[in-house]
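Novice: The structure that follows is given in the form of structure tokens.
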Amino acid sequence: MNREYYYIDEEGKQFGPYALEMFRLLPLRPRTHVWRSGLPDWITAEEMEELKGYVKEEEKPQPPVTPDAPETSAQTITLDQPKPKTWLMESILATIFCSMVGLVAFFHALQVGSRYQMGDYEGAVRESAIAKRWLIIAMIVGVVINVIYFFVFKDEIMAMSMQMRR
Amino acid sequence: MPSWSEAKSWRRLILILGLIVLLIGYALIDPATTVWAPKCPFKLLTGLDCPGCGSQRALHALLTGDLRAAWRAHPLLVVALPYLGVGLVLEYLRRRSPRVQRLSDIWYGNRAAMVSIGIIFAFWTLRLIPQLLSR
Chain A
13 MNREYYYIDE
23 EGKQFGPYAL
33 EMFRLLPLRP
43 RTHVWRSGLP
53 DWITAEEMEE
63 LKGYVKEEEK
73 PQPPVTPDAP
83 ETSAQTITLD
93 QPKPKTWLME
103 SILATIFCSM
113 VGLVAFFHAL
123 QVGSRYQMGD
133 YEGAVRESAI
143 AKRWLIIAMI
153 VGVVINVIYF
163 FVFKDEIMAM
173 SMQMRR
Chain B
98 MPSWSEAKSW
108 RRLILILGLI
118 VLLIGYALID
128 PATTVWAPKC
138 PFKLLTGLDC
148 PGCGSQRALH
158 ALLTGDLRAA
168 WRAHPLLVVA
178 LPYLGVGLVL
188 EYLRRRSPRV
198 QRLSDIWYGN
208 RAAMVSIGII
218 FAFWTLRLIP
228 QLLSR
């Protein structure tokens, strides 16, 4: 019953799985390649039965921002494109447990949310990727530092462990 | 289904297996008495606890069912683990419905991150006071 939906964007990147309700809210074009669990192969969005009436024909002109509806713009963005992964909690944990390099990841992770709020979706995706990269660097630096410290303080660490064992 | 996502699920599988091995390791071995558990560089240099110090011992205590020892080793971790766990589940389920997605955005959002950092620093300061006084 719960089918999973996927699509491929212009750059050939695959996105999903989505539930049908979410999938219908995505800005899919008639020619967008889509796939659903159970289908033998990818089809275009216009061929998919359950997307009838949900696929936008043309680039819709942006609705003019009226001063009496200031709250709505953020709401529509949330529905149009899902917020990319922020890596916020991961970078906090990396800062504590791996190395201070995690702070760089943290500041980029904060940018994901604020850019998304501003409606800069591409900026949010970019910051998410940068945060992820710095997260990996923070982890590697953490491991390297620990290995170096292990060799520098080898005697102390051995003594400490022996002491605790008694 | 194209092979692309298969590679991704393989990666996820390896990640989960690695995590399970790590948890079994922390359950069986007391990190305080082994040289194999990473030692905190900050503590080695200053003799003071860093914000994360004690979390390996706390994890070991939790995995062996000793909640009191876990609380003594790192009380904040005991509180933080359920929070982090719920966040992970929300993140996993976020594609299911817009409501779950919104909840997960708030749960792990910018405001939540700033509050977490505040709590971590407050916890660190409170834990450092007795250590600094007893020097």
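Top line first, the protein sequences correspond to chains A and B.
Here the numbering used here is used: the first residue of the first sequence is 13, the next is one more, and so on.
Here the numbering used here is used: the first residue of the second sequence is 98, the next is one more, and so on.
The C-beta atom is built at its ideal place from N, Cα and C for all residues, glycine as well.
1) Would you verify that the beta carbon of B:ARG192 is, or is not, closer than 8 Å to some beta carbon of chain A?
2) Compare the C-beta of A:GLU58 with all C-beta atoms of chain B and state if any pair is closer than 8 Å.
3) Can a CB atom of chain A be found closer than 8 Å to the CB of B:ASP202?
4) Pull up the distance between the alpha-carbon of A:GLU23 and that of A:VAL46, whole angstroms please.
5) With distances taken Cα to Cα, identify the nearest neighbour of A:GLY135 among A:ALA143, A:VAL124, A:ILE104.
6) Report yes or no: is there a C-beta of chain B within less than 8 Å of the C-beta of A:THR44?
7) What three-state label does DSSP hand B:ARG154 in the structure shown?
8) Does the segment 107-119 of chain A come within contact of the segment 145-153 of chain A, defined as at least 3 CB pairs closer than 8 Å?
9) Using a Cβ-Cβ distance cut-off of 8 Å, determine whether B:LYS140 contacts chain A.
10) Ignoring anything shorter than 4 residues or poking outside the segment 96-141 of chain A, list the alpha helix (DSSP H) runs there in chain order.
11) Considering only C-alpha positions, which residue in the set B:GLY162, B:SER152, B:GLU188 is nearest to B:ILE217?
12) In terms of residue numbering, what span does the beta strand (DSSP E) encompassing A:TRP47 cover?
13) Comparing the C-beta of A:SER140 with each C-beta of chain B, is any distance below 8 Å?
14) Alpha carbon to alpha carbon, what distance is there between B:ALA124 and A:ILE169?
Specialist: With the given structure in hand:
1) Taking the second sequence and counting its residues from 1, the one referred to as residue 192 of chain B is at position 95. Closer than 8 Å: yes.
2) Working through the first sequence from its first residue, we reach residue 58 of chain A at position 46. So no, A:GLU58 is outside the interface.
3) Looking up residue 202 of chain B in the second sequence gives position 105. Judged by the 8 Å Cβ criterion, B:ASP202 is in contact with chain A.
4) The residue you call residue 23 of chain A lines up with position 11 of the first sequence. The residue you call residue 46 of chain A lines up with position 34 of the first sequence. Each residue's alpha carbon lies about 14 Å from the other.
5) If you number the first sequence from 1, residue 135 of chain A lands on position 123. Closest by alpha carbon: A:VAL124.
6) What you label residue 44 of chain A is simply residue 32 of the first sequence in a count that begins at 1. Output row for A:THR44: interface = no.
7) Locating residue 154 of chain B in the second sequence gives position 57, counting from the first residue. Three-state result, B:ARG154: helix.
8) yes
9) Position 43 of the second sequence holds residue 140 of chain B. Not one chain A Cβ lies under 8 Å of B:LYS140.
10) 100-109, 114-130
11) Here the question's residue 217 of chain B lines up with position 120 in the second sequence. With distances taken between Cα atoms, B:ILE217 lies closest to B:SER152.
12) Here residue 47 of chain A is taken as the residue at index 35 of the first sequence, counted from 1. Counting along the chain, the beta strand (DSSP E) containing A:TRP47 begins and ends at 45-48.
13) On the first sequence, position 128 is the one that residue 140 of chain A refers to. Chain B, which has no Cβ nearer than 8 Å to the Cβ of A:SER140, makes this no.
14) Along the first sequence, read from residue 1 onward, the residue named residue 169 of chain A stands at position 157. Along the second sequence, read from residue 1 onward, the residue named residue 124 of chain B stands at position 27. The straight-line gap from Cα to Cα measures roughly 21 Å.
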